[in-house]
Structures are given as C-alpha cells and as structure tokens.
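Asker:
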Amino acid sequence: RMADYYGWELQPGQDETCVSDVIQRYNPPEKWIDHESEEWYDFYRKNKYDCQLYELAQSTWRAQIQTIIPLATQLTRAAPDE
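As structure tokens, then:
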C-alpha cells in the first residue's frame, strides 16, 4: 500500500528478491496463543503497552486503507480536463 501511495515501482527480478530476503531474515516465526489461556494473560501482563500500541497501529492501518489515495489516482484527478 505504501508503494502505491508514493508511486514506487518494484524492479522485476531485483526489488522483489530484496524485499522477500529482508522479510525472511527478520520476520520471526508466528506463535498462536489462545487468548483465554494463562500463557496469553502472562504475555499480555508483561507486554501490556506493546500490545496496546500494536492494536492502535492496526486500527490506524485499517483507517488508512479507507482514506489513502494512491499517487497515480491523485495525479489523474489533479490533471486538467482535456
């Protein structure tokens, strides 16, 4: 979505590889925890503010989906009518 907004274009065969390499290297494996378990409550107690910040970021991200207009669309709307 950010690439669309800023008008960035990935170079075939170069940028996709770079992006996927970074994701594979730094993206930790996911672990699903039942939100009713003692493990979850312990995790949330230790990471309360991080969890709240994450929830706020998720909410902001969802709101931006509805409000951000990609650069290409902005440019076509700003172009004078022919």
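For the sequence shown, the tail end lands on 325 under this note's numbering, and the numbers increase by one without skipping. Positions of the beta carbon are idealized from the N, C-alpha and C atoms, including for glycine. Quantities reported herein were computed from a predicted structural model and do not represent experimental measurements.
With a cut-off of 8 Å on the beta carbons, I'd call Leu318 and Tyr249 a contact; round off their distance for me.
Answerer: Taking the sequence shown and counting its residues from 1, the one referred to as residue 318 is at position 75. Taking the sequence shown and counting its residues from 1, the one referred to as residue 249 is at position 6. In fact, because the Cβ distance is near 12 Å, the residues do not count as touching under 8 Å.
Asker: Go ahead and pull the three-state DSSP assignment for Ile266.
Answerer: In the sequence shown, residue 266 corresponds to position 23, counting from 1. If DSSP states are grouped into helix, strand and coil, Ile266 belongs with the helices.
Asker: Just verifying my parser: in three-state terms, what is the DSSP assignment at Glu298?
Answerer: Residue numbering aside, residue 298 sits at position 55 when the sequence shown is read from its first letter. The answer is helix: DSSP assigns Glu298 an H, G or I state.
Asker: Quick one: residues in its chain with C-beta nearer than 7 Å to the C-beta of Ile276, no 5 flanking neighbours on either side, listed in chain order?
Answerer: Indexing the sequence shown from 1 puts residue 276 at position 33. The residues are Glu282, Trp283, Phe286.
Asker: Give me the Cα-Cα distance between Pro271 and Leu296, rounded to the nearest whole angstrom.
Answerer: For the purposes of this step, residue 271 is identified with residue 28 of the sequence shown, where counting begins at 1. For the purposes of this step, residue 296 is identified with residue 53 of the sequence shown, where counting begins at 1. Approximately 19 Å, taken between the alpha carbons.
Asker: To the nearest angstrom, how far is the alpha carbon of Thr316 from that of Lys289?
Answerer: Stepping through the sequence shown from its first residue, residue 316 is reached at position 73. Stepping through the sequence shown from its first residue, residue 289 is reached at position 46. Approximately 44 Å, taken between the alpha carbons.
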